[in-house]
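Inspection log for the structure reproduced underneath, given as structure tokens.
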Amino acid sequence: MNKRKFQETLISTEDDVDNQAKTMTYQGSASFLTLPIEIVHMIFDELSDFVIICSLRNVCTRLNMILDTYPRYQRLTTINLTYNDIGAVELQHLTNALKNNTTLTTVILNVNDAGVDGGKHFTDTLRNNKTLITPNLCNTAIEEVGAKILADAFLDNTTLTTLDLGNNYIASSGTDGLAYALLTNRTLTTLILENAHIGGMGIESLAYALQNNTTLTTLDLGLNEMEDEGARYLADALRTNKTLTALSLCRNNIGHMGGKYLADVLQDNTALITLDLSENPLYGEGAQHLADALRNNTTLTTLILYHNAIGHLGAQHLSDALGHNNTLTTLILDHNDIDHLGAQHLSDTLRNNTTLTTLSIACNKIRDRGAQRLADALRHNNTLTTLILDNNDIEHLGAQHLADTLRHNNTLTTLNLAFNKIGNRGAQYLASVLQNNTRLMALDLAANEIGNEGVEHFLVALRENRVSVILC
């Protein structure tokens, strides 16, 4: 019997109680089915969600009735099957189980070998199930053929809101089907296609769909080899799209010209709230283009420029723009070699900026000099709540400047100084201020060459302060 074989293959590690109960179930044992429901529920308690969904449902009417009254089954809305060696056959069983399921809303199938045939089976779920809203098929080897088949089913689906097909070789041909579906679909709000090998042609198809789509709000296209040309296609789409609020384009080899295409459209776009351009070679020139956009943009609140080689000149351009921007609340500039000069430019902005709440400049070699500049600015800043400075070669002098600022600053709640070199002396400076500062809630000092002496300082300080301190 297929169900029994399926169960024995996948759930071989279940304990003896599980195996006995399930074997009895599959055989339709009269003694099992006539047990009091409470006893059967106790047996169910020993089974995994996967077994309950795939192997117990639709065995017989009596068992279905018992399952329907089982509290855990009634509450089951999410099933996570990541790393479960699920292939096409197993996915077919899951699909059959989901046809009549009315409780599951999220199915996570990350890192399974579903393949093209598995994608075909899952389309039946998309066509028939009316409650599933978030299927996660990341890294399931469905390839472009599987993506096309899923897209066909997607045309008729009216419940799906989130679809994750990342880390699948969808290519431009598989993307065409998804783009066509986006032209008519009115429910999907989040589409994740990270590392789907889409390329410029696939991006062009998606961009065309975005010009006509009115429901998608989040799109992740990271690691897709789009380059400047792909950025141009998306920029053209953003001129007419009024609903996309979050866009991730990290690791796409977008240079300063691609940055300019996107920056130009940001001058007028009034929908985008979050933009992630991490790990693209924008350099200082690309940062300048984005800075020009920030002077006029009134909706973007989060800009992520991690590892973009913008240098201190790029930091200067962005800092100057923030003097005219009243909407950006989060700025991530990690790994950009801005050094202490870049920190100086950002400090000048922090003295007057009244909207930025989170600033991350980790791994930028700002050293003590840069830390001092930031500390001086924070004496005059009343809005920044989170400052990330890990991996910046900051020593005890930098820690001293920051500690002195914390005696006066009443808004900073999170300070990350992990992987610096503040040592016991820096720990002493920071510990002493905690006796009076009650606003700081989290202080990360991991990997800072702090020995027993430094720990002792914090033990004394924490008698009066409930701040969370990480020392190792």
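Residue numbers for the sequence shown follow the numbering used here, so the first one is 536 and each next one is one higher. Every residue, glycine too, gets a C-beta built ideally from N, C-alpha and C. From a predicted model like this one, the values you see are computed outputs, not experimental measurements.
Item, Value
"Report, in whole angstroms, the separation of the C-beta atoms of residue 783 and residue 763, which I expect to be a contact under 8 Å.", "Rounded, the Cβ-Cβ distance is 17 Å, inconsistent with contact."
"Thinking C-beta only, is residue 639 closer than 8 Å to residue 667?", "yes"
"With a cut-off of 8 Å on the beta carbons, I'd call residue 794 and residue 821 a contact; round off their distance for me.", "3 Å"
"If you measure between the beta carbons of residue 778 and residue 741, is that distance less than 8 Å?", "no"
"Would residue 994 be called buried (16 or more neighbouring beta carbons within 10 Å of its own) or exposed?", "exposed"
"Below 8 Å between beta carbons: does that hold for residue 725 and residue 693?", "no"
"Here's the rule I'm using: 16 or more other beta-carbon atoms within 10 Å means buried, otherwise exposed. How should residue 729 be labelled?", "buried"
"Which residue comes first and which comes last in the beta strand (DSSP E) that contains residue 929?", "No beta strand (DSSP E) contains residue 929, which DSSP labels as neither H nor E."
"So, at 6 Å on beta carbons, what are the nonlocal neighbours of residue 952 in its own chain, with the 5 sequence-adjacent residues on each side left out?", "924 and 980"
"To which residues of the same chain is residue 962 closer than 6 Å at the C-beta, ignoring the five residues directly before and after it?", "985, 989 and 992"
"Looking at residue 646: is its Cβ nearer than 8 Å to the Cβ of residue 671?", "no"
"Closer than 6 Å by C-beta to residue 879: which residues in its own chain qualify, once you throw out the five before and the five after it? Chain order, please.", "908"
"In this structure, does DSSP put residue 591 in helix, strand or coil?", "helix"
"If you follow the alpha helix (DSSP H) that residue 745 is part of, which residue opens it and which one closes it?", "734-745"
"Straight-line CA distance for residue 836 to residue 913?", "21 Å"
"Contact defined as beta carbons within less than 8 Å: I believe residue 733 pairs with residue 770. What is the distance between those atoms, to the nearest angstrom?", "No, residue 733 and residue 770 are not in contact; Cβ-Cβ is about 16 Å, not under 8 Å."
"Using a 10 Å radius around the Cβ and a threshold of 16 neighbouring Cβ atoms, would you call residue 768 buried or exposed?", "buried"
"Counting only the same chain and skipping the five closest in sequence on each side, list residues whose C-beta sits under 8 Å from that of residue 760.", "732, 733, 734, 735, 787 and 788"
"Quick check on the burial criterion: 16 or more other C-beta atoms within 10 angstroms. Buried or exposed for residue 802?", "exposed"
"Taking only three categories from DSSP, how would you classify residue 717?", "helix"
"Please classify residue 625: is it buried, with 16 or more other beta-carbons within 10 angstroms of its beta-carbon, or exposed?", "buried"
"Helix, strand or coil for residue 956? Go by DSSP, reduced to three states.", "strand"
"Round the Cβ separation of residue 910 and residue 936 to the nearest angstrom and send it over; I've been treating them as touching at under 8 Å.", "4 Å"
"Would you tell me roughly how many angstroms separate the C-alpha atoms of residue 881 and residue 652, rounded to the nearest one?", "53 Å"
"Can you say whether residue 785 is buried or exposed, counting buried as having 16 or more other CB atoms within 10 angstroms of its CB?", "buried"
"Rank 568, 570 and 648 by C-alpha distance to the C-alpha of residue 520 and give the top, closest one.", "The chain is shown from 536 up to 1007; residue 520 falls before or after that span and cannot be answered."
"If you draw a straight line from the alpha carbon of residue 941 to that of residue 844, how long is it in whole angstroms?", "31 Å"
"For residue 622, which option in 715, 635 and 676 has the closest C-alpha, if you only look at C-alpha atoms?", "676"
"Return the first residue and the last residue of the beta strand (DSSP E) that residue 606 is part of.", "Here residue 606 belongs to no beta strand (DSSP E); instead the alpha helix (DSSP H) covers 606-610."
"Any idea what DSSP makes of residue 699, helix, strand or coil?", "strand"
"Starting from residue 687 and walking both ways along the alpha helix (DSSP H), at which residues does that stretch end?", "678-689"
"Since residue 703 contacts residue 682 with CB under 8 Å, what's their CB separation in whole angstroms?", "7 Å"
"Should residue 712 and residue 686 be called a contact, given that it needs their Cβ atoms to be closer than 8 Å?", "yes"
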